[in-house]
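Student:
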Amino acid sequence: MFKQGYMKEGKGVEKRNPDDSRIKIFFELFFRKFWQLSKLNLLYIASCVPTFVVMMLLAGLISSRITNASASLLAGIMGLAAPDASNPEFSTMLATLDVGARGVVSFIVAVMWGMGPVTAGFTYILRNYAREEHAWLLSDFFGKTKQNFGQALVVWLVDLAMFSVLTTAFFFYSVQTGMLHYLSYIVLSVIILYTVMHFYIYQCIITFKLSVKDIFKNSAIFALVEAPKNLLLAFILFFVHLGLPYIAALYGWPVWFWLVFIILELFLLIAASGFMVNFWVYPVFEKYIIEAEKKPDVTKEPAGSDKVDDIEYLM
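4 is the number of the first residue of the sequence shown in the numbering used here; add one for each residue after it.
1) Can you name, in chain order, every residue of its own chain whose Cβ lies under 8 Å from the Cβ of residue 101, other than the five neighbours on each side?
2) For residue 249, count neighbouring C-beta atoms within 10 Å of its own C-beta (all shown protein chains included) and say buried if the count is 16 or more, exposed if not.
3) Are at least three pairs of beta-carbons, each pair with one atom in the segment 143 to 160 and one in the segment 111 to 130, less than 8 Å apart?
4) State the Cα-Cα distance for the pair residue 181 and residue 165, rounded to the nearest angstrom.
5) For the candidate residues 197, 80, 87, 150, whose alpha-carbon lies nearest to that of residue 210?
6) Looking only at its own chain, which residues have a Cβ that is under 7 Å from the Cβ of residue 170, when we skip the five neighbours before and after it?
7) Which same chain residues, not among the five before or five after residue 270, have their C-beta less than 8 Å away from its C-beta?
8) Under the criterion of a Cβ to heavy atom distance below 7 Å, does residue 145 qualify as lining the ligand PLP?
9) Going by CA-CA distance only, name the one from 139, 197, 128, 189 that's closest to residue 163.
10) Terminal residues of the continuous alpha helix (DSSP H) containing residue 79?
11) How long is the line joining the alpha carbons of residue 255 and residue 261, rounded to whole angstroms?
12) Going by the DSSP bridge assignment, what does residue 30 pair with across the sheet?
13) When burial is assigned at 16 or more other CB atoms within 10 Å of the CB, is residue 25 buried or exposed?
14) Once the 5 residues before and after residue 286 are set aside, which same chain residues still bring their CB inside 7 Å of it?
15) Where DSSP assigns a beta bridge to residue 242, which residues make up the other side?
16) Can you tell which of 268, 244, 84 has the C-alpha that lies nearest to the C-alpha of residue 49?
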């Protein structure tokens with residue numbers, strides 16, 4: 004299934020019409036790489052298991068509030084006068100809700116923020132697909148994961164810290180009164196900004212030689228400068244992965260929807276979302292890569308590396 008294949012002589016890829024729209028190019032590349040994206044989706048899910056487990060533990064910061072808020076409603080549905088932890092059935096249902104909430108939160112973080120070093124390998128494959136360049140599924144995935152392990156691990160640890168701080172701050176200020184309550188909106192804005200930054204963070208890691216500090220700085224700049232496009236992309240991803248299943252649960256859509264949705268998540272949607280992100284933001288990187296390469300003090304890395312050297316700030 005994951006075999007590398009061999010290069011064969013043939014007519015090759017036809018030259019692209021310069022007048023083709025970005026939407027046309029996106030769907031052409033998407034269907035051309037459909038099966039590769041499906042394989043990548045499975046590979047990424049399997050590789051994310053260790054970091055996903057850690058995120059599941061940390062997601063209790065949110066799941067505990069969901070279960071506490073839902074306890075009375077759940078008790079009413081079960082015909083209980085009040086939440087009763089001594090009731091085995093009630094406790095089981097509450098525990099199931101907690102695990103489900105942790106899973107959903109961790110999944111959304113995985114899609115929107117990434118899951119550490121393996122996301123570097125994942126992003127490299129998708130970036131090459133977006134640039135219409137070749138990538139070996141297994142060797143490039145694990146090779147780039149290893150090559151960028153240090154910086155990607157630091158980013159993931161920062162993500163865990165930011166998740167803890169931002170969720171705690173949001174829930175704290177959201178229940179305050181007066182001016183303190185409005186701080187929750189500021190925290191929410193920071194969460195949105197930090198989420199959008201991840202469209203660029205891992206691309207910065209695999210493309211440029213930057214310190215972690217400059218990776219975050221440049222990603223924040225791109226997130227703000229391209230804000231309208233970034234927010235639209237974030238909305239699309241949230242709707243596909245969270246909004247659609249929420250609507251389905253709210254209106255009691257049939258079981259077949261959930262089966263199809265779960266299969267798509269396992270075999271396609273995560274990689275498809277990553278491809279969309281990389282395709283969408285690549286022109287931004289392309290612009291500044293070109294500008295950087297025009298500078299006389301910027302040089303390419305030696306053969307075997309595709310990172311641009313000596314770039315401190317991209318804008």
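C-beta: ideal position from N, C-alpha, C; glycine also.
Tutor: From the atom records:
1) For the purposes of this step, residue 101 is taken as residue 98 along the sequence shown, with counting starting at 1. Counting only Cβ-Cβ distances below 8 Å, and skipping sequence neighbours, we find 63, 66, 67, 69, 70.
2) On the sequence shown, residue 249 is found 246 positions in, with the first residue counted as 1. Classification of residue 249: exposed, given that the 10 Å Cβ count is below 16.
3) yes
4) Start at 1 with the first residue of the sequence shown, and residue 181 comes out as number 178. Start at 1 with the first residue of the sequence shown, and residue 165 comes out as number 162. In a straight line, the C-alpha of residue 181 is about 25 Å away from that of residue 165.
5) Reading the sequence shown from its first residue, position 207 is the one you call residue 210. Checking every option, the nearest Cα to that of residue 210 belongs to 150.
6) Start at 1 with the first residue of the sequence shown, and residue 170 comes out as number 167. Within the same chain, residue 170 has close Cβ partners 64, 65.
7) Taking the sequence shown and counting its residues from 1, one reaches residue 270 at position 267. For residue 270, where only same-chain residues beyond five positions count, the Cβ hits under 8 Å are 41, 44, 45.
8) With respect to the ligand PLP, the structure offers nothing, as it holds no ligand at all.
9) By 1-based counting over the sequence shown, the position of residue 163 is 160. Here the closest residue by C-alpha is 197.
10) In the sequence shown, residue 79 corresponds to position 76, counting from 1. 63 to 80 is the extent of the alpha helix (DSSP H) around residue 79.
11) Along the sequence shown, one-based indexing puts residue 255 at 252. Along the sequence shown, one-based indexing puts residue 261 at 258. Residue 255 and residue 261: Cα-Cα distance of roughly 10 Å.
12) Taking the first residue of the sequence shown as 1, we reach residue 30 at position 27. Residue 30 is not bridged to any residue.
13) Position 22 of the sequence shown, counted from the start, is the residue given in the question as residue 25. Looking at its Cβ environment, which holds fewer than 16 other Cβ atoms inside 10 Å, residue 25 is exposed.
14) Reading the sequence shown from its first residue, position 283 is the one you call residue 286. Here the set comprises nothing.
15) Position 239 of the sequence shown, counted from the start, is the residue given in the question as residue 242. For residue 242, which the question treats as bridged, DSSP gives no partner whatsoever.
16) The residue given as residue 49 occupies position 46 in the sequence shown. Nearest of 268, 244, 84 to residue 49, Cα basis: 268.
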